[in-house]
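Novice: Take the position in the sequence shown, starting the count at 1, then add 282; the result is the number in my numbering. Each residue gets a CB set at the ideal place from its N, CA and C atoms; glycine is no exception.
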Amino acid sequence: MILLTTSLRPTTRIRTSCHDLARSIPNTVRANRGKMSLQELTEDAVVRGLGRIMIIDRWQGGPGRIKLYNICQGRLVQVAPQVHIRGIRLQREFGEKAKRVDSLVIVKNEDEPSSEIRKLSDVLSDFLSLPVLDNEEVSSFYGAAMRIYRDMTRSMHLSFFSLPGMIEKGPRITIAHLTW
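Here is the structure:
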């Protein structure tokens, strides 16, 4: 399981982003960070029996970066890449009623041959313990899908869709770049 939290002094938009991701990613526990240091955060995760931490960092007043960590022998080990965020569209901005997802799958983007998208899909699949399937393989067994894709302007997005029907429900994260 994953502990999902924010950086220190989060804004309302960062908190809402954290809530949306916690509802969209199964096996995620959201925690209010308060004034906890990274070491205290690690100890909290270990006490809860969690092996991974995802932090939404602040940049210029909004969500700016997502950092992934594994906990190994009580220490944080950062997992590449850092996802730098250009913008985020929240679930409420899609007009969807937010509800918790029980099962999620990462959908391969066959239209995008980008190795960067494939690598990010593989890292997220491993970190979140989610399968990566083709569009045709996605069945009614899964309640939602995560998709990483580029739009017409070549901007990279990570977004969540309800199944069946692949209806975008958010959040949609526009990725500025990845730091490997």
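1. Using a 10 Å radius around the Cβ and a threshold of 16 neighbouring Cβ atoms, would you call P308 buried or exposed?
2. Under DSSP, the beta strand (DSSP E) around D339 begins and ends at which residues?
3. So A427 and V420 are in contact, right, with Cβ under 8 Å, and what is the actual spacing, rounded?
4. State the Cα-Cα distance for the pair S422 and L445, rounded to the nearest angstrom.
5. Quick check: the region 287-301 against the region 406-418, are there 3 or more CB pairs under 8 Å?
6. So the alpha helix (DSSP H) I296 belongs to, where does it begin and stop?
7. Fully enclosed by the region 362-435, which alpha helix (DSSP H) runs are 4 residues long or longer?
8. In whole angstroms, what separates the C-alpha of T298 from that of Y424?
9. Can you check whether the CB of R368 is closer than 8 Å to the CB of I430?
10. So, do the region 369-382 and the region 436-455 have three or more beta carbon pairs nearer to each other than 8 Å?
11. May I ask whether a heavy atom of the ligand COA can be found less than 7 Å away from the beta carbon of E450?
12. Would you check if the distance between the CB atom of I348 and the CB atom of R334 is smaller than 8 Å?
13. Suppose the cutoff is 8 Å on Cβ atoms and the five residues either side in sequence are ignored; what does the same chain contact list for G356 look like?
14. For A362, which residues from the same chain have a beta carbon less than 6 Å from its beta carbon, with the 5 sequence-adjacent residues on both sides left out?
15. Taking the DSSP output, what are the residues bridged to K451?
16. So, at 8 Å on beta carbons, what are the nonlocal neighbours of K381 in its own chain, with the 5 sequence-adjacent residues on each side left out?
17. Counting C-beta neighbours from all protein chains within 10 Å, is the total for I296 16 or more, i.e. buried, or is it exposed?
18. Using only CA atoms, which one of R312, D416, F443, E378 lies nearest to K390?
Specialist: Looking at the coordinates:
1. Taking every protein chain shown into account, the CB of P308 has 16 or more other CB atoms within 10 angstroms, so this residue is buried.
2. 334-341
3. 6 Å
4. 7 Å
5. Verdict: no, contact absent.
6. 294-306
7. 397-410
8. 24 Å
9. With respect to R368, I430 sits apart: the two C-beta atoms are not nearer than 8 Å.
10. In the pairwise beta carbon analysis, the region 369-382 is classified as touching the region 436-455: at least three pairs are separated by under 8 Å.
11. Because no ligand of any kind appears in the structure shown, any question about the ligand COA cannot be addressed here.
12. Result no, Cβ atoms of I348 and R334 do not sit closer than 8 Å.
13. Annotation for G356: T324, E325, V328 place their beta carbon closer than 8 Å to its own, counting only its chain and skipping 5 residues before and after.
14. Once the five neighbours on either side are set aside, the close Cβ partners of A362 are W462.
15. In the DSSP assignment, no residue is bridged to K451.
16. R305
17. buried
18. D416
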